[in-house]
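Heads up, this note's numbering is the position in the sequence shown plus 2, with the first residue counted as 1.
Idealized CB from N, CA, C, for every residue including glycine.
The structure displayed is predicted, hence computed values, not measured ones.
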Amino acid sequence: MEIVNFGLFKPLNDTGIIFYQNEHQQDWYDLRKGLTNWNEKGDFVDAVYGAWVLVQPEDGSSTDGVVTNVEYDPSRLVPHNKIVVGVDAAPSEIASGMLFQAGAFLPAPPVIEPMPNLSPRQLWLAALEINTTKAQVMAQIGTITDAKLRATLEIELTEPPLQGYVRNSFAVERLREMMGIPVDQFDALWLWAGTL
3 MEIVNFGLFK PLNDTGIIFY QNEHQQDWYD LRKGLTNWNE KGDFVDAVYG AWVLVQPEDG
63 SSTDGVVTNV EYDPSRLVPH NKIVVGVDAA PSEIASGMLF QAGAFLPAPP VIEPMPNLSP
123 RQLWLAALEI NTTKAQVMAQ IGTITDAKLR ATLEIELTEP PLQGYVRNSF AVERLREMMG
183 IPVDQFDALW LWAGTL
């Protein structure tokens, strides 16, 4: 599969009309015109590459190198602050969300769903599912020698935030540690509790 990176196209607006130019001073519209064929009516016929891809440039964000758009007709692309890549492949072979790194397309990273927040009812029913009661947890917290930590956990676990218990909060993580539950098992229990 041939992959050609045409560079990062940035907008130029010297005349009130927006043009896009890459780091080699190539105009997007002129470049595109030389790589496509059109019929007498002005309809798109074909292009040198079967797939045209827009990629988010590297700017230190979580979207670096992410494919944002794929088209068979490059005239459908608006490369506003995007990298344009021509690919000798069918557009169906490249998908939005894939990564473009080191000149190659990689599968999209798995989407990690955020853990739901739990109501007090859900949290304590989950504890009960593993044979632990709220009273047992509170008794164990009562044995903590650090008075400030003990008071903080008592408050956090008896008076949850308005949005509910947050999985990665300090109090919930301490609860997991006190119960001696591995992270993956606790996360599975947490997801299950979110359905109650």
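Alpha-carbon to alpha-carbon, residue j and residue i
i: Leu37; j: Gly166; result: 56 angstroms
i: Phe74; j: Ile114; result: Correcting the residue type first, residue 74 is Tyr in the shown sequence and not Phe. So the two alpha carbons sit approximately 30 angstroms from each other.
i: Pro111; j: Thr65; result: 11 angstroms
i: Leu191; j: Ser98; result: 33 angstroms
i: Val50; j: Ala128; result: 58 angstroms
Residue range of the alpha helix (DSSP H) that includes residue i
i: Ile157; result: 149-160
i: Gln103; result: No alpha helix (DSSP H) contains Gln103, which is instead part of the beta strand (DSSP E) from 101-103.
i: Val168; result: No alpha helix (DSSP H) holds Val168; DSSP gives it neither H nor E.
Endpoints, the beta strand (DSSP E) within which residue i is located
i: Glu73; result: 69-73
Residue i - partner residues in DSSP beta bridges
i: Leu10; result: Ile85
i: Gln23; result: Lys12, Asp29
i: Asn39; result: Asp48
i: Trp54; result: Glu73, Gly88
i: Ile5; result: Val89
i: Leu108; result: Leu101
Outcome for residue i when other beta-carbon atoms lying within 10 angstroms are tallied against a minimum of 16
i: Phe172; result: exposed
i: Arg34; result: buried
i: Tyr31; result: exposed
i: Pro13; result: exposed
Presumed contact (8 angstroms Cβ cut-off) between residue i and residue j, rounded CB distance
i: Leu177; j: Leu159; result: 7 angstroms
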